Every structure is written in C-alpha cells, then in structure tokens.
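Data block below; observations after.
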Amino acid sequence: MGDFQLQVPSFGSSTTYGQDVFALARDENMCLMVRHGKISWLECPMLLNNHYMFLSCDIPEGGSGGPVIDHDGNIIGIVFDNNPGPVVTSITTIRTCVEMWHQFSRVARPILGMQLKAVELLDVSKLEELCLDNNITSGFIVNLVKVDSIAERLGIRRGDVIVFQDSCCSTLPQLEDYLLSLGWGYLQGKSLTVDLKS
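The opening position of the sequence shown corresponds to residue 1 in UniProt numbering, with each subsequent residue numbered one higher.
Have a look at this one:
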C-alpha cells in the first residue's frame, strides 16, 4: 500500500457575510456529508446571540459540530443545527473561548443586553442615507435593548447606531471577538473603560 499522509487542517480568519463555504457533518448513519452554501444573516429576534451567522444550506439533523471550510481548505467556523437554520460560530471566537478557558478556567465577556445588526447589512437606500446624513459607513444598528440592561441604563435605544472609532469591528463576529478581548483583559486584571458619545 502507498503512503497516505493526513494533513492537519489550518485555521482561517473570521467568516464574512456572503462567503462561499463548505460544511462537513455526519448524518444519522454516521456518513460524512459535505454541503455547499454561503454565510448569511437572518433577523431572528428570539436569538439575542449577536455572533450567529447562518448557512444558506441545510445540514443533516444531528449534524452539529462539523467544521465550516473556505475554498482554501481553512477551517473558519463550526456549524450547529439550530432553528431557524444551521448557525455558524466563527473559529476565532471558538479559539479565543478555548484559550481563555485553558488559561483562566472560565470565559468572560461583557453582556450587552442588545441585539445588533451590522450597518453593512442594510439595504442600499438606508446605507446611502446613513452615509450622506451622518457619514457612517460601518458599525451596528441597535435592533433591541433588553429591559433593565446596562445598555438601557446608559440610554442606548432601539435605532441607535454604534460606531467604533478605530474600525475594529464591522461584522457581528468581529464584535464578539472584541467583547471577548475585553473579557480577556478583565481576567488579566486590566482596568478597561469605554467612552460613549452621542
């Protein structure tokens, strides 16, 4: 028999909306299935998880936990079977959580109490209006603020736009990674402050 070499998969960067991907999952007979789809965003008020991105294709029932792979063969996320459709959590978010758990035996991140939508996902007319009226081309629109949350106490309301001065975040997974970095700093004992301007 010839030598068969297995290659260790490499990790890619964060997923992006509209990205062409492959999702690997196993069906009820444990057969490996590959699905082709795109990373998409769905407005799901019942899901307050801002880091969720969705797959445009189905995965087999019970096929959670499989890798999401880009066209270069890099693992860029993990797919989970969820309602209303398969969700993808970015590999950068997963790796940060695992590293934080190994180092501190816990995962920390600020709880915002908000549901956000990336500005880049607005329809063209709203995006143009936001750009022309306010010079805003990236950031997040507040879709929902939980009652009695810190965000509500700070005066953040539905329809507000959150913009980062250093443009560190323009997608929800990037925001999740930023929030995890704040949690990492907290666990390291760093004093962190965030300036809010209206």
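Idealized CB from N, CA, C, for every residue including glycine. Treat the numbers as computed from the prediction; the structure is a model and nothing was measured.
With a threshold of 16 other beta carbon atoms within 10 Å, Val-34 falls short and is exposed. Judged by DSSP secondary structure, Ser-40 falls outside any alpha helix (DSSP H) and instead within the beta strand (DSSP E) spanning 32-40. It is roughly 10 Å from the alpha-carbon of Leu-116 to the alpha-carbon of Gly-159. For Ala-23, the enclosing beta strand (DSSP E) begins and ends at 20-26. Closest by C-alpha distance to Asp-177, out of Ile-39, Glu-152, Ala-118, Ser-14, is Ser-14. Note on geometry: alpha-carbon atoms of Ser-105 and Ile-69 lie some 29 Å from one another.
Contact annotation, Ile-156 with Val-163: C-beta distance approximately 13 Å; criterion of less than 8 Å not satisfied. Short of 6 Å from the beta carbon of Ser-56, and not among the five residues preceding or following it, lie these beta carbons of its own chain, in chain order: Gly-37, Lys-38, Ser-40. For Gly-185, the enclosing alpha helix (DSSP H) covers residues 172-187. For the pair Trp-101 and Leu-172, the Cα-to-Cα distance works out to about 22 Å.
Between Gly-183 and Arg-95, the C-beta gap is not smaller than 8 Å, which leaves the two residues out of contact.
Leu-127 has its alpha-carbon roughly 9 Å from the corresponding atom of Ser-138. Annotation for Phe-11: Ile-75, Ile-91 place their beta carbon closer than 6 Å to its own, counting only its chain and skipping 5 residues before and after. The beta carbon of Met-114 sits closer than 6 Å to the beta carbons of Val-142, Val-145, Ala-151 from its chain, once the five residues preceding and following it are set aside; these are given in chain order.
The stretch 99-137 is shown to contain whole beta strand (DSSP E) runs of 3 or more residues at 114-118, in chain order. If you draw a straight line from the Cα of Pro-84 to the Cα of Val-119, it is about 22 Å long. Residue environment analysis places Cys-31 among the exposed positions, since fewer than 16 neighbouring C-beta atoms fall within 10 angstroms of its C-beta.
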